[in-house]
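Chemist:
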Amino acid sequence: GPLSVHASIASGLYFQQVQTVKGKVISEQDKQPVPGAAVQIKGTSKGTVTNENGEFTIQANTGDILMISSIGFTAQEIAVAAGKSYDVTLAFSNTSLDEVVVTGYSAQRVKDLTGAVAVVNVNQMKQQPVASPVESLQGKATGVQIISDGAPGATPQIRIRGFSTINNNDPLFVIDGVPYEGKLSWLDQNDIETMQVLKDASSASIYGARANNGVVIITTRQGVKGPPKINLSSYFGTQVPNKNAFPKMMNPQQYAEYVYEAFRNSGQTPGQEGTTGNNYGTGATPTLPEYLVAGKVTGQKVTAADADPSRYNYSRASETFYQITKANKQGTNWFDEISQTAPIRNVQLGVNGGGDNATYAIGAGYLGQKGTIRHTGYNRYNGRANTRFSAFNNHFRFGENMQYSYEEFVGVGVNPNVSGDYQGEGSALGFAYRIPVIIPVYDIMGNFAGSRGDKLGNAQNPLALLYRAKDNVQKRNFFFGNVFGEVDLVKGLVAKTSFGLRYENYSGISLTYPNLEFSEGSAANGMSENQGFNTEWTWTNTLTYKWEVANVHSLTVLAGTEAFRSRNRFLSAGRNDYFLLGQTDYYYLPAGASNINNTSSGGVGSLFSIFGRADYSFRDRYLVSLTVRRDGSSNFSKNSRYGTFPAGSIAWRLSEEDFLKGNKFITDLKLRAGYGITGNQRIPAFQYIDRYESLIANAFYPFNGKSVTGGVWQKAYKNENVKWEELKSFNIGLDFTLLDGEFDGAIDWYSRKTTDMLYPVPMPAASIGMGGAPFVNIGDMKNTGIELGLGYHYGQRENKPFKLDVNVNISRNVNQVVSLAPSVKEQVYGTFRSLQTTILRPGEPFGSFYGYKWDGVYTSADDLAKSPKYSGARVGGPKYIDVTGDGQITPADRTIIGNPHPDFLYSFGINAKYKSWDLAMFFNGSQGNDLYEATRYFTDFSTFDGTASVRMLDRWSPSNPNSRTHTPNRKASDYELASSGYYVQDGSYFRMKNLQIGYNFKVDNWFKGNMRTLRAYVGASNLFTLTKYTGLDPEVSQTNSTFSALGVDFGVYPVSRQFLIGFSAGF
Amino acid sequence: CATVLGSCGADFLERNPQGELSQDQIKSARGVEGMLTGAYGLVNGNVSGTWGNYSSAPSQWLFGEVGADNAHKGSNNGDQPNMNQVELHDVSPTNDNTEIMWNRYYEGIARCNNTLRLLKLVQAGATDKLSDARAKEVEAEARFLRAHYYFFLRRTFSKLPYVDETMAPEDALKVTNEGEVYPKIEADFKFAMDNLPVTMADPGRANKTAAQAYLGKVYLYQKKYDDALPLFTTVIGARPDITTLPFDDNFNVVKENGPESIFAAQHAINPDGSGDNANVGDMLGGFYGTAPVSCCGFFQPTFDLVNSFRVTAAGLPMLDGSYRTNPYLSDFGLTGAAKDNYQVNKSLAFDPRLDYTVGRRGVPYRDWGIMPGDAWIRDPAYAGPFVAVKHMVDASARGTETVAGANYVTSLNVNIIRLADVYLMAAEIYVEKNNLAAALALVNKVRARAANLPGRTVGGTPAAAYNVKPYLAFTSQDMARNAVRFERRLELALEGHRFYDLVRWGIAKQTIESYSGFEGDILSAFENITFDTKDETFPIPQQQIDRSQGALKQTH
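Protein chains in written order, with the working numbering: chain B, 72 to 1138; chain A, 65 to 620.
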């Protein structure tokens, strides 16, 4: 400020005298020395840093101003007086403005950022016990939507600023400078030091063609100079399934009556063998049977002789299989049966330290998580070693970051490569929605019971399915890391090279057992196994030049190249007919006698890029950043192989202007604007050429009816002109820090428009048969949004006994498919049995739900006669709205019936500290999104023998005339079974995501003073959820087909409540 | 990359597809033959895998038989409900069975067109070409197959977009389904007929006789009797007299491609034991329960079909419909001891073809032993007590001719045209031309051959009073027409002809509704079936209409 300037002039005139100034910097809070703090003489480039004891020595003139700063502390200035030694006490900073974060190929101070970059509070993130760091990112950054998945080791769905394309919307991760696409379960979140989310094109476009969906930059924990610091932490917890959310099914008697009514409604007579079968007797009202099956006899036909236990034979062969199963008249709660309270445990040990020329951070950890769905689980063992060296007087710096992890995914449904992949009617959860409740879990001898019997449908016993898959373990070895070297060529010019490698191999086995208790069961037993690898290398070279005129100009220019290559290969084989069952030691392929099969596949790809970046700031006041990247991809033909992705952004730090300088209220205020272009090339390879295939399965023919002759077919049709998908994005934002850091926050508004969207426009069979249609660049998509992040910080700087941080995030994104191909009016997809759940239609959000609008039921013959109807309409049957107004219901009346995108996402976190106690609470929510509960197909419609939701107890009848719920019908028209508003519900939720209470022990005198810290804590996750959604969990990942169907619930693996106890100790 | 900061060598970004071929790699004589083989690959209605190709089965069991009065979908009511709509003649444009039929056969057409395009390209080149003679044959084979695929689609959907090898995919997109495709089908079969030899090296390939028979059939569907008859006559003359050919060789996996076979879908088990090239279209017809071939229990003969095999004392069919009087029900509806102790009534008079077409309780089923009744059936109360025979293989062949662990997938060929079909088509024409004697002669040959069938025996005695005799005379054109049509039903039952025959005869509505009256009295699920004129074809799949960007118009 003016005062210090004045002092400086004064000192210059009267007392100028060079002297050696010594001092020590300590932290106000813990009175510990602050190593590595910068000590600079103001207005010059002269400076030094403190040593490990926090001490410094510098030659300065009397009257010089020393600026002492260190990350995480508020900077201080002291005036040099003659012959003094200085003890400088730095207070913790309330602001993160001086924090240096890694963005695209460079590091910047937070206050110099010009793009929309969310800096994640990693410490808050780590409070949540999760396998994948992506999951704990939920709610920690505005504009980032995470949909969690309860399966152990599963990959949550992550979307940054909505959906930028109808294709893959997963962001790019950059870990220690190495790009990575894929699931992140292998990375222990405790190894993460910083995490930044680059949300707009101006910040992300330096990653060019892979940046359309945003970039998540992660750096892992680095060594800090000093003696070895050892950290040990561990937690143990229990995960409790949320039984209140389990779907409630009718009991067997209610269900039987429901089935009776279904037959009556279809003009048939229940109580006959041809209709309701053997289970419920022959009367006008159903009675429940004692037995479901005894050998070949079913239901009420089972006699005492049939049920004689001596005849029981749970054999491997269908000829001799004789099962005796009693009816469970109370009804089996299948969701209860397949779920359990399950443990989770984690332990990690790390050490870091180093000297002037070498630092290290190494660590190892274990995470073990059993699933709340039985016989599923996840284990991870990981180790990391990051080292840094410097040589030649610190002009040459080199080192490595390496991570190895070994993971085990146990049981069914825990290893989806893409979030939501395991959902479906064939999963254990899917079967729990389908299996009759009258079936007990076990038969009279304790073996699995099933749907074998009369009219018990074709669901599998979900517990049997889970149990038999308990030895299905998928194992993965994952290596990820890089080596790098950095050299100062001339003053200000640094050359850096980094070679990053991902090597992953995986293997797994999958067993099948005879399942003769199942109505469509088989005596087959088998084992199949698979192995494969993924290799990727990324070689990055950069030259960085920094030019600075202290406090006036600061310019950083960077140029670089990056080459990337990937290869993967997969091998699998299987056989049936093993002599022994269930003996994992015996299961090797040659021991199987039949159904010999094997296959392999692979892929290759490469990218080459050149890029440049320039960041300029004038007096810390006006900031400009320009980037450009030119990417070449093996995914495109020579003609359109390269794409260029420029971006620019400017920022104005108003708080540095004279009219705001010294303002007590505004500490920092920055206005940002940026525009840029990013690309997307993430489509299946080789779209630009016609591809043919000679496969036995697809193109061979047995000309003599005995043995096959080789043939060829065209499996994929080309589009020579396929090229980059582009996203143009504009962002304007305001960052503010108020009252010396007591309040801070940011507001961003953005508009993102995707053009030339890569779209595999499905072609009619008349054009390409069943071959693959190529991706074409067609169609536009738009996202606009606003994001608000606010923080309140109390007591940090003053080091008050009570400290409080409150963070609130709100973001809104509006998605719209602007246009598809000129020729494509719309596209219906998401086919599931007779449902087609979703539509792509210009003017509507991506993934909009599609079907008939529900209008209750036809309540009388008169209503039926007067109302628009479809072929097969009936009294008590679903009534739809005649959208076209033509007086009848036809497929043309299908319309948009829901929007899976939330109106807004919000979260808030509270972190409080009082003396030795700390408390963290975190809440998040999603408001205004619809969900499509596809499982109602099984539970609310009576096509299948199976089960029925208690919702159907409130079905319409003349005595329940106000009900809008349809009645069952065994001969339902397929209009009744079509997609409709009946499936769509409000999916908003508010969830207490995390609660943690910790205590920091005073350990000064423990272990002879060798212990630094000890914190113990208890915590809970997902403690409560407020939602009206009737499915298992309102967090519904997309399901994947050609296009993702968002928010369609086929039976998600629900997230569970977790209760934890843990500690972390430092030595 | 060789350099740190410059551009990479161009080949760094030039990758090759993995496990796939580019056009350059197939531009050869061998490539053309491969593409032609691929074009044959769709004759079994399947690209790959086994499940899910039911409506496209070369046997056409779903549209051709379940859609008529011969067969029920089977299994239980809730299984594959969209097939119920086929049986009940209430098919909507979104019924997946129409989509499956449509896109499998258009894939076949695409493969024919791709073969013809590649052939032209290769033959225009300098080296690695086919001989001119073989090139002609390849063209003829590809066009025969294209005509076959179009014909199957034509009779199912009526209005089709016609795409040939001159149209690139982006042009094919715009083709409407307004024109009539029969002339194009005729042209392809004519070309095949003119350019193929009577005998090809492989029995499964199209040959001149097959083209003649098929072209005749296409003419017959259009009532072009004068064009069709000489073709049928030629085919009949080219083959041995049918009375010398055993009826059941047509359905015996070890006697395939015999002299009666004119064009058949060839099926085989793959060398690795998998079933993609086997008879996947009929697999749901594997029986349920304890049957040696255990699958899903679809495709069950109707009471109406079974009773139509009843004969008068003169050994003739009951043309007046009296076979529905006091029908034979097997053990259906019996309970308790009566059910348990059921014995087949051996005194009932049946055409012997019954027990080579239908499996019924108490009668030996192929070489499997006595058919036990409900134990092989999923839901007899829903779809009756019978199982089908012609799509199944002998137990003795199961080890080598079925997929291990999935023995409902067999290598049994499926007849698309066989000699008896040609005899009876020719007989139809003679009736229409009022040459009743010629019609009588042909029908009686078919019946004489049936009379050669050994009846099934139980405990050394025949399971029925088998009796099949020639007609003494056709007393009128109407009677002759009725007799030929009835014979066609009996001889070709469950082979996929019935629905299409009823439609081209113009009697689908009356036959199916009358059948529903009879069958529905026994099995309530089939009461009150109504049949509209539009039900004579199936709707164009909605998805194809959606994808065609306005080129395709719905026919329903």
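The beta carbon of each residue, even a glycine, is placed where N, CA and C say it ideally should be.
Just so we're clear, the structure is a prediction, and the values are computed from it rather than from any experiment.
#1: When you check each C-beta in the segment 1029 to 1047 of chain B against every C-beta of chain A, which residues fall closer than 9 angstroms?
#2: List, from N- to C-terminal side, the beta strand (DSSP E) runs of 3 residues or more that fit wholly inside the segment 257 to 339 of chain B.
#3: Looking at C-alpha atoms only, which residue of B:F920, B:S942, B:V946 is the closest neighbour of A932 of chain B?
#4: Does the beta-carbon distance from A272 of chain B to T749 of chain B come in below 8 angstroms?
#5: Given N886 of chain B, which residues of its chain have a CB within under 8 angstroms of its CB, disregarding the five upstream and five downstream residues?
#6: Please confirm if K617 of chain A has its CB atom under 8 angstroms from at least one CB of chain B.
#7: Here's the rule: buried if 16 or more other CB atoms are within 10 angstroms of the residue's CB, otherwise exposed. What is Y487 of chain A?
#8: Starting from L488 of chain A and walking both ways along the alpha helix (DSSP H), at which residues does that stretch end?
#9: Would you please verify whether the beta carbon of Y472 of chain A is less than 8 angstroms from any beta carbon of chain B?
#10: Mark S1112 of chain B as exposed unless 16 or more other C-beta atoms lie within 10 angstroms of its C-beta, in which case mark it buried.
#11: Which residue marks the beginning of the alpha helix (DSSP H) containing Y246 of chain A, and which one marks its end?
#12: Closer than 7 angstroms: is that where the CB of V1055 of chain B sits relative to any heavy atom of the ligand FAD?
#13: Between Q898 of chain B and S1050 of chain B, which are expected to be in contact by the criterion C-beta below 8 angstroms, what is the C-beta distance as a whole number of angstroms?
#14: Would you mind sorting L1103 of chain B into buried or exposed? The rule is 16 or more other CB atoms within 10 Å of its CB.
#15: Does any residue of chain B bring its CB to less than 8 angstroms from the CB of V111 of chain A?
#16: Verify the CB distance criterion: does R175 of chain A have a CB-CB separation below 8 angstroms to chain B?
#17: Which term fits A530 of chain B, buried or exposed, when burial requires 16 or more other beta carbons within 10 angstroms of its beta carbon?
#18: Note down, in chain order, every chain B residue with its Cβ under 7 angstroms from the Cβ of Y446 of chain A.
#19: So for S882 of chain B, helix, strand or coil by DSSP?
#20: Is it the case that the Cβ atoms of W440 of chain A and Y352 of chain A are separated by a distance below 8 angstroms?
#21: Please look up how many angstroms separate the CB atoms of G1052 of chain B and G922 of chain B, rounded, as I've assumed it's under 8 angstroms.
#22: Mapping DSSP to helix, strand and coil, what is S490 of chain B?
#23: Cutting at 6 angstroms between CB atoms, please list the residues of its own chain near F469 of chain B, excluding the five before and the five after it.
#24: Does the Cβ of K1079 of chain B have 16 or more other Cβ atoms within 10 Å, making it buried, or fewer, making it exposed?
#25: Spatial neighbours of F550 of chain A within its chain, please: C-beta separation below 6 angstroms, excluding the five flanking residues on both sides.
#26: In this structure, does DSSP put G301 of chain A in helix, strand or coil?
#27: From the DSSP output, in three-state form, read off L1024 of chain B for me.
#28: Would the segment 397 to 415 of chain B count as touching the segment 293 to 312 of chain B if we require 3 or more Cβ pairs under 8 angstroms?
#29: So, for Q607 of chain A: in the same chain, excluding its five sequence neighbours on each side, which residues have a beta-carbon less than 7 angstroms away from its beta-carbon?
#30: Look at the alpha carbon of W795 of chain B and the alpha carbon of K91 of chain A, and state the distance between them as a whole number of angstroms.
#31: Below 9 angstroms on C-beta distance, what does W115 of chain A contact in chain B?
#32: Between which two residues does the alpha helix (DSSP H) containing L420 of chain B stretch?
#33: Pull the bridge partners of W610 of chain B from the DSSP assignment, please.
#34: Quick one: what does DSSP say D377 of chain B is sitting in, helix, strand or coil?
#35: Measuring CB to CB, does R455 of chain B end up less than 8 angstroms from Q474 of chain B?
#36: Would you say A189 of chain B reaches chain A, if we count a Cβ-Cβ gap shorter than 8 angstroms as a contact?
Modeler: If we stick to the structure as given:
#1: Shown in chain order are the members of the segment 1029 to 1047 of chain B whose Cβ falls below 9 angstroms from a Cβ of chain A: R1041, K1042, A1043, S1044, D1045, Y1046.
#2: Taken in chain order, the whole beta strand (DSSP E) runs of length 3 or more contained in the segment 257 to 339 of chain B are 263 to 269, 286 to 291, 297 to 311.
#3: When each option's Cα is compared against that of A932 of chain B, the closest is B:V946.
#4: Yes, the Cβ-Cβ distance between A272 of chain B and T749 of chain B is below 8 angstroms.
#5: So the list reads G233, F234, M852, K853, N854, P916, F917, H972, once near-sequence residues are dropped.
#6: Not closer than 8 angstroms to any Cβ of chain B, the Cβ of K617 of chain A fails to qualify, so no.
#7: Looking at its Cβ environment, which holds 16 or more other Cβ atoms inside 10 Å, Y487 of chain A is buried.
#8: That run of the alpha helix (DSSP H) goes 483 to 496.
#9: Closer than 8 angstroms: no.
#10: Result: exposed.
#11: Looking at the DSSP string, the run of the alpha helix (DSSP H) that includes Y246 of chain A is 246 to 259.
#12: For the structure depicted, the ligand FAD is absent and the ligand set is empty, with no information on it obtainable.
#13: Not confirmed; about 14 angstroms, so no contact.
#14: L1103 of chain B should be labelled buried.
#15: At least one chain B Cβ lies under 8 angstroms of V111 of chain A.
#16: Yes, its Cβ sits closer than 8 angstroms to a Cβ of chain B.
#17: That one is buried.
#18: The CB of Y446 of chain A comes closer than 7 angstroms to the CB of G345 in chain B, given here in chain order.
#19: Note: S882 of chain B maps to strand in three-state DSSP.
#20: The criterion of a C-beta distance shorter than 8 angstroms is satisfied by W440 of chain A and Y352 of chain A.
#21: G1052 of chain B to G922 of chain B, Cβ: 7 angstroms. Contact.
#22: Caution applies to S490 of chain B, whose pLDDT of 49 falls short of 50 and renders its modelled position unreliable; the model cannot decide the point.
#23: So the list reads F460, G556, once near-sequence residues are dropped.
#24: Counting Cβ neighbours within 10 Å, K1079 of chain B comes out exposed, since fewer than 16 surround it.
#25: Excluding sequence neighbours, F550 of chain A sits near P381, L383.
#26: Reduced to three states, the DSSP call for G301 of chain A is helix.
#27: Three-state DSSP puts L1024 of chain B in a helix.
#28: In this structure the segment 397 to 415 of chain B touches the segment 293 to 312 of chain B; the number of beta carbon pairs closer than 8 angstroms is three or more.
#29: Excluding sequence positions up to five before and after Q607 of chain A, its CB lies within less than 7 angstroms of the CB of E163, all in the same chain and listed in chain order.
#30: Each residue's alpha carbon lies about 30 angstroms from the other.
#31: By Cβ distance, chain B contributes nothing, its closest Cβ being about 12 angstroms from W115 of chain A, past 9 angstroms.
#32: That residue, L420 of chain B, is in no alpha helix (DSSP H); its beta strand (DSSP E) goes 413 to 425.
#33: In DSSP, W610 of chain B forms a bridge with B:F570, B:A634.
#34: In the structure shown, D377 of chain B falls within a coil segment according to DSSP collapsed to helix, strand and coil.
#35: Yes.
#36: A189 of chain B does not count as touching chain A.
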